[in-house]
Amino acid sequence: MKWEHVSAIAGADLRRLFKSKDYWIPLLIMASLFFVFIPLILLTVIGQVEGTPFVDQITSVVGNLPERVNEVARGETPLARASYIAAVFLLAPIAIIVPVTISAAVGSNAIVGERERGTGEFLAHSPVTMKELYVGKLIASLVPGFLALIVGFSAYSLVVNLTVGPELGGWFFPTIGWVVLILWVIPPFIAVALTVILRISARVRSAASAQQASSLVTLPVIMLSYAVSVSVVVSPGRSSFLIGAVSWIVAILLSIRGAKKLRRERLLGVASET
Amino acid sequence: MEFAIRFGSVSKSFGAIRAVDALEFEAPTGAVTVLLGPNGAGKTTTVRLATGALVADRGDIEVLGLHPKVDGDEVRRRVGIVPPKPAFYDQLTGWENLRFAARIFGASESSALDAAERFEIDHALLQEVGGYSTGMRTRLALARSVIHDPEVLLLDEPTAGLDPESSRKVLELIRELAGRGRTIVLCTHLLHEAEGIADQIVLMSDGHARVSGSPEELTGRYLADPVVLFDAEDRATLDSIADRRGVVSVSWNGAVHATLSDHGTLPDLIADLVTDGVRLTRVEPITPSLEELYFAMQRSDPEESS
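Chains as they are written, first to last, in our numbering: chain A, -11 to 262; chain B, 26 to 331.
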C-alpha cells in the first residue's frame, strides 16, 4: 500500500471539506450546541437553583442512581453531588453522538460522492488500489469526527470546570474515566460505524440514500456506545480497556473486510452507461 | 506492426445489456486509432476495459503487453485518459486538482505545471475549478491526462460540449501529442473530428467492431472507384462525359464529379476531352470524406448497421 496515495486521497477530501462552509458550519453549530451550550445552560441552572423543587428532584434521582455512581460522585452537598453527576455521568453520551454524526455525514458521501460528481472515473482509471482508496476515505471521514471529539471535549472540560469546579473546590475534569472514554473507547466506535457506512456509500446509487442508510447505522452505534460510555466513566478499570481493545479489533477487521469488498466499478456509474 | 492495445473477442455485459460483444481490434503503437460509432456503441466501455476499470466477462485484452485484469495498476500507471465529461473536485483550484493527480501518478509538481502550460490552462490554475468553462475543464483534463507522460492516451469524446474554436484547439493538441509518438485512442461519434487525424479507424456499433483499418484501406475497400472532379470554361461541353470509356457514373455539383472504373483511365479521358475541344479548367482527384466512407461502410452491411 502506497501511503502517498492514501495521503493524497484523504488530503483532497479534507481540503474540500474545509472549503465547503455549507457542509461544516452546520456540523460546527451542532458540536457547539452539544459540547458547549447545552452543558453550559444545564450545569449553570443546576448551580443556581438551590432550594427549589428542581434540585429536590435531582437529589432524589441521585439517591436512586446505582450505588457505584454515588460512591464515586464527589461533592459535600446534594447540589454539588448533583452537579458532579450531571457533568461527569449524564452528559457522557454527547461525547459519542457528535463525532459519530460528523464522521457519518462525511463518510456516507465518501464513495457515492465520487461517483455522483464523476471524479470516481479518474480514480477508477488511476493506479490507486481499492485498499488505498478505502483507507484514504476512512481517514478523511475519521479525522473530522476525531477533531470534533478532541476540540469539543476540551471545550466541554472548560465549561464543566468553570461551572461545577467552584462547587467542588477547583478544577476536577476530565476524570480518568473520561480520558479513557475519549482516547481509547470512542475512536474505535466511530471507526466501526464508518466501516459500515463506507460499505453503504459504495453500494447505494445516491448520496441522499447513503445518508438515510447511514442514520440507521449510527443510531444503534450511539445506543450501544451510550451504555458503554456510562459504564466506562463510572468504572474506568480493566473492563474499559478490554472494551476499547475489542472495539479496535472489530474496527480493524471490518476495515480489512471493507477494503477487500470495494470494487473499482463502484466508482463508475456502469449500470446505466455503455 | 506492434500493437499498444489488442482486444481479442472481448465481451462485457451489464445485466441484460451487452455493452461490448466479441469486440476485436488492435491499436498500433504510435498511431491515432479512432473508435467511431454512434452513442451506445460501446466506446466508453471499451476504454474502461482497456484500463482495467472494468473487467471483461470474456475475451483477452492486452495493453502495452500487459493484461489489465492482472496488471491493472501497472497499465493505469502507463495510460492517460480523458473521460467524456471530465470531472474535478470543484471546490479545489485547478492547481490543487493537478497536484492531486500528480501525487496519484507519482509525477512531480513541475511536470504538472508543464502540462498546464502545454494545454494553456496555467493562467487559471489558482481559480476554483467550479468556475471553469467547459473548454477550460477539457484543457485541464487533457493536462491531467499527460501529467505522468503516458505511453497510451485514451480520449473519450474529448470535444463533447465544446465550441468549434475550443474543439479545433483540442484536436490540434491531439495531433501534437500524436506527433510526439504517443499511442492515441480517440472515441468519437463525430465524423469530422476523426477526419485527418485517424491513422486507423474502428467502426463500432452494438458493442462490436464492424470494420477496421487505415482510412486508405477502408477507402479502397468501400469506395474503390476513384472520383475525379472536372470543370471547364463551358460546362455544357462536359455533358458527354458520362458516355465516355472508363466513366462509371457522373454527378453534378457545380462541377462534374465523375466516378471512374480505375485511376488508369484518367489520362485517356483527359486526352479525349481535350481532343474534342473541351477546355478544362480543373481536374482534381477527390479524396472521399470520412462521412462518405462511414456511410459507404454502413451501406455495405445494412443488417449489422440496423
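Yeah, the Cβ is synthetic: ideal placement off N, Cα and C, and Gly gets one too.
Residue range of the unbroken alpha helix (DSSP H) whose run includes Ser227 (chain A): Taken as a continuous stretch (DSSP letters only), the alpha helix (DSSP H) holding Ser227 (chain A) covers Arg226 to Lys249.
Against chain B, which members of the stretch 109 to 138 of chain A pass a CB distance test of less than 9 Å? Flagged, chain order: Glu109, Phe110, Leu111, Ala112, His113, Ser114, Pro115, Val116 and Thr117.
Quick one: residues in its chain with C-beta nearer than 7 Å to the C-beta of Glu145 (chain B), no 5 flanking neighbours on either side, listed in chain order? For Glu145 (chain B), where only same-chain residues beyond five positions count, the Cβ hits under 7 Å are Arg164.
Taking a contact to mean a Cβ-Cβ separation below 8 Å, would you say Gly246 (chain A) touches Leu186 (chain A) in this structure? Yes, the Cβ-Cβ distance between Gly246 (chain A) and Leu186 (chain A) is below 8 Å.
Could one say the Cβ of Thr76 (chain B) lies closer than 8 Å to chain A's Cβ atoms, at least one of them? Yes, Thr76 (chain B) lies at the interface with chain A (some Cβ there is under 8 Å from its Cβ).
Just reading off the alpha helix (DSSP H) that Arg101 (chain B) is part of, what are its end residues? In the DSSP assignment, Arg101 (chain B) falls within the unbroken alpha helix (DSSP H) covering Pro93 to Arg103.
Cβ neighbours of Glu121 (chain B) in the same chain (closer than 8 Å, five flanking residues each side left out): Tyr114.
For a cutoff of 8 Å on Cβ pairs, would you count Leu152 (chain B) as touching chain A? This sequence places Gln at residue 152 (chain B); Leu is not what is there. It does not; no Cβ of chain A falls within 8 Å.
Just verifying my parser: in three-state terms, what is the DSSP assignment at Gly33 (chain B)? Look at Gly33 (chain B) here: in three-state DSSP terms it is strand.
Pro189 (chain B) versus His(-7) (chain A) - alpha carbon distance: Rounded to whole angstroms, Pro189 (chain B) to His(-7) (chain A) spans 37 Å at the Cα level.
C-alpha distance - Asp287 (chain B) paired with Gly131 (chain B), whole-angstrom precision: C-alpha separation (whole angstroms): 55 Å.
Between the stretch 201 to 215 of chain B and the stretch 58 to 73 of chain B, can you find at least three pairs of beta-carbon atoms closer than 8 Å? The stretch 58 to 73 of chain B, when compared against the stretch 201 to 215 of chain B, does touch it at the 8 Å Cβ threshold.
Using only the alpha-carbon positions, how far apart do Arg162 (chain B) and Ala168 (chain B) sit? Straight-line measurement puts the Cα of Ala168 (chain B) at about 10 Å from the Cα of Arg162 (chain B).
Inter-residue Cα distance where the pair is Glu27 (chain B) and Asp174 (chain B): Using only the alpha carbons, I get a separation of about 20 Å.
Taking 8 Å as the CB-CB cut-off, is Arg105 (chain A) touching chain B? For Arg105 (chain A), the answer is yes, since a Cβ of chain B falls inside 8 Å of its Cβ.
Using 10 angstroms around the beta-carbon of Asn64 (chain B), count the other beta-carbons present and answer buried if the total reaches 16, otherwise exposed. Exposed, because fewer than 16 other Cβ atoms sit within 10 Å of the Cβ of Asn64 (chain B).
Quick check on the DSSP output: the alpha helix (DSSP H) that includes Arg143 (chain B) runs from which residue to which? Boundaries of the alpha helix (DSSP H) around Arg143 (chain B): Glu134 to Arg143.
Kindly indicate if chain A contains any beta-carbon less than 8 Å away from that of Tyr157 (chain B). Cβ-Cβ to chain A under 8 Å: no for Tyr157 (chain B).
Tell me whether the beta-carbon of Ser71 (chain A) lies closer than 8 Å to the beta-carbon of Ala181 (chain A). The answer is no: Cβ separation not under 8 Å.
For the stretch 95 to 108 of chain B, which residues have a CB atom closer than 7 Å to at least one CB atom of chain A, in sequence order? Only Asp98, Arg101, Arg102, Ile106 and Pro108 from the stretch 95 to 108 of chain B bring a Cβ to less than 7 Å from some Cβ of chain A.
C-beta atoms of Val173 (chain A) and Ile231 (chain A) nearer than 8 Å: A contact, by the Cβ cut-off of 8 Å.
Just the Cα atoms here: how many angstroms apart are Ala78 (chain B) and Arg191 (chain A)? Those two C-alpha atoms are separated by around 17 Å.
Residues near Ala41 (chain B) in its chain [Cβ-Cβ closer than 8 Å; skip 5 each side]: Excluding positions up to five away in sequence, the list is empty.
Which same chain residues end up closer than 6 Å to Phe39 (chain B) when comparing Cβ atoms and leaving out the 5 residues on each side of it in sequence? The same chain holds no residue with a CB closer than 6 Å to that of Phe39 (chain B) once the five nearest residues on each side in sequence are set aside.
If we cut at 8 Å on Cβ distances, does Arg4 (chain A) have a partner in chain B? Chain B, which has a Cβ nearer than 8 Å to the Cβ of Arg4 (chain A), makes this yes.
At 9 Å on the CB atoms, spell out the chain B contacts of Ser8 (chain A), in chain order. The contacting residues are Gln116.
DSSP beta-bridge partners for Thr163 (chain A)? DSSP lists no beta-bridge partner residue for Thr163 (chain A).
Assuming Ile170 (chain A) is part of the beta strand (DSSP E), what are its boundary residues? It is not in any beta strand (DSSP E) - Ile170 (chain A) carries neither H nor E in the DSSP assignment.
Hey, quick one: how far does the alpha helix (DSSP H) through Ile42 (chain B) stretch, first residue to last? Where Ile42 (chain B) is concerned, there is no enclosing alpha helix (DSSP H), although the beta strand (DSSP E) it sits in stretches over Ile42 to Pro53.
Reference Trp277 (chain B), options B:Val252, B:Arg43, B:Thr300 and B:Gly289, closest by Cα: Out of B:Val252, B:Arg43, B:Thr300 and B:Gly289, B:Val252 has the C-alpha closest to the C-alpha of Trp277 (chain B).
Which residues in the same chain as Pro162 (chain A) place their Cβ atom closer than 6 Å to its Cβ, once the five residues preceding and following it in sequence are excluded? Cβ contact annotation for Pro162 (chain A) (same chain, cutoff 6 Å, sequence separation greater than five): Ser145, in chain order.
Flag Ile(-2) (chain A) as yes if its beta-carbon sits less than 8 Å from any beta-carbon of chain B, otherwise no. For the sequence presented, residue -2 (chain A) should be read as Ala rather than Ile. So no, Ala(-2) (chain A) is outside the interface.
With which residues is Ile13 (chain A) paired in a DSSP beta bridge? Under DSSP, Ile13 (chain A) forms no beta bridge with any residue.
Secondary structure at Gly233 (chain B), three-state DSSP: helix, strand or coil? According to the sequence displayed, residue 233 (chain B) carries His and not Gly. If DSSP states are grouped into helix, strand and coil, His233 (chain B) belongs with the strands.
Any beta carbon of chain B sitting closer than 8 Å to that of Leu156 (chain A)? Not closer than 8 Å to any Cβ of chain B, the Cβ of Leu156 (chain A) fails to qualify, so no.
Reduced DSSP category for Ile106 (chain B) - H, G, I as helix; E, B as strand; rest coil: Secondary structure of Ile106 (chain B) (DSSP, three-state): strand.
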